[in-house]
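Residue numbers (the numbering used here), protein chains in the order written: chain A, 1235 to 1387; chain B, 1235 to 1387.
Every residue, glycine too, gets a C-beta built ideally from N, C-alpha and C.
These notes are about the structure you will find just below.
Number of protein chains: 2
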Amino acid sequence: MFNICLLTIGKVKESYLAKGVEEYLKRLRPYAKIELQELKPESFSKGTKEKAKKIEGERLKSFLEKKPDEEIIVLDERGKQYTSLELAQKLDQTKKKIIFVIGGSLGLDQEILNKYPKFSLSNLTFTHEMARLLLLEQIYRSVTIVNGKEYHY
Amino acid sequence: MFNICLLTIGKVKESYLAKGVEEYLKRLRPYAKIELQELKPESFSKGTKEKAKKIEGERLKSFLEKKPDEEIIVLDERGKQYTSLELAQKLDQTKKKIIFVIGGSLGLDQEILNKYPKFSLSNLTFTHEMARLLLLEQIYRSVTIVNGKEYHY
């Protein structure tokens, strides 16, 4: 059974995306241990973006430092790309709990990006809220692939 | 001003995705001529999927044959991938109307796939309903890039 945590910054504000996230968490629960961790976002103004990103990076770091046994993967568009089948195989073969880290609206602090392996959903840049939905949909698609369950295109 | 048509099969059934599609169409309208064409989906049972896909392919073909002056691009995960910046440049440089073709739940007929240039949102497979939202979000992101408008990650 997959054992996965999505480590994120803040809540999903777009209501339709929040509904999609809820929908896939619900669909996943019979097949996977799935957890959504939402750390506190740092408020910022135009001139304090970098500082706020750094603070959010510190929050992620102190969360991740308490998880020495988990496999940590950071979402970044410059990361490694998989097909849905390859992702399903990777999730199926990993015995550890996997933590996927998704940055907030400011993106991810460079230190976090440098430290962990990176996974890319696409060459395209999506909003971090959409990335959450896309990743959950792909984890659900992986479940259907591994279990030979019908699912659509 | 961008002049874009999304040529699709059927309506978006997932209500949260339909809401997202509506949202991006609304956001795009001040900046782009944007049109959503939804052709009739063919109903099918387990044994008639290929036949139904063929019929949907015929519907797309007869729509596209009446559009000799448009640039036609087919969404397919094996297609060419762009970054958001590259996509914005492509949309900005194209003087013709662009028709993006997205298949239905059965995917696209091979004849259509062979005939036109292909664009890939990702190596990952998403549902065709999600592909619609993702493409609209990327067109909107292109608009913000071309117009130097603030938009988030």
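Am I right that residue i and residue j are in contact with their C-beta atoms under 8 Å? What's the rounded C-beta distance?
i: I1336(B); j: L1309(B); result: 5 Å
i: G1244(B); j: E1272(B); result: 6 Å
i: P1275(A); j: G1338(A); result: 5 Å
i: I1238(A); j: K1267(A); result: 7 Å
i: L1298(A); j: I1306(A); result: 6 Å
i: L1325(B); j: F1236(B); result: 5 Å
Of all the CB atoms in chain B, is at least one closer than 7 Å to the CB of residue i?
i: L1358(A); result: yes
i: G1254(A); result: yes
i: Y1250(A); result: yes
i: S1318(A); result: yes
i: Q1372(A); result: yes
i: S1339(A); result: yes
At least one CB of chain A closer than 7 Å to the CB of residue i: is that the case?
i: T1361(B); result: yes
i: L1298(B); result: no
i: Y1387(B); result: yes
i: Q1315(B); result: yes
i: G1281(B); result: no
i: L1355(B); result: yes
By DSSP, does residue i sit in helix, in strand, or in coil?
i: D1326(A); result: helix
i: R1312(A); result: strand
i: N1348(B); result: helix
i: E1305(B); result: strand
i: Y1242(B); result: Checking the sequence, you will find Thr at residue 1242(B) rather than Tyr. In the structure shown, T1242(B) sits in a strand (DSSP, three-state: E or B).
i: S1318(A); result: helix
i: L1355(B); result: coil
i: F1360(B); result: coil
i: L1337(B); result: Inspection of the sequence shows that residue 1337(B) is occupied by Gly rather than by Leu. Three-state DSSP puts G1337(B) in coil, outside helix and strand.
i: E1269(A); result: strand
i: F1389(B); result: This structure cannot speak to residue 1389(B), because chain B is shown only from 1235 to 1387.
Could you tell me if residue i is buried or exposed, where buried requires 16 or more neighbouring beta carbons within 10 angstroms of its beta carbon?
i: R1366(B); result: buried
i: H1386(B); result: exposed
i: R1263(B); result: exposed
i: S1249(B); result: exposed
i: Q1327(A); result: exposed
i: M1364(A); result: buried
i: Q1344(A); result: exposed
i: T1359(B); result: buried
i: S1279(B); result: exposed
i: S1376(B); result: buried
i: E1284(B); result: exposed
i: K1383(B); result: exposed
i: K1287(A); result: buried
Between the region 1244-1257 of chain A and the region 1340-1357 of chain A, do at least 3 Cβ pairs fall closer than 8 Å?
Output reads no: the region 1340-1357 of chain A does not touch the region 1244-1257 of chain A.
Across the region 1236-1243 of chain A and the region 1292-1306 of chain A, are there enough close Cβ pairs to call them in contact, namely three or more that are closer than 8 Å?
With a cut-off of 8 Å, the region 1292-1306 of chain A and the region 1236-1243 of chain A count as touching, because enough Cβ pairs lie within range.
Per the contact definition of three or more C-beta pairs closer than 8 Å, is the region 1298-1316 of chain A in contact with the region 1354-1368 of chain A?
The answer is yes - the region 1298-1316 of chain A touches the region 1354-1368 of chain A, with three or more Cβ pairs under 8 Å.
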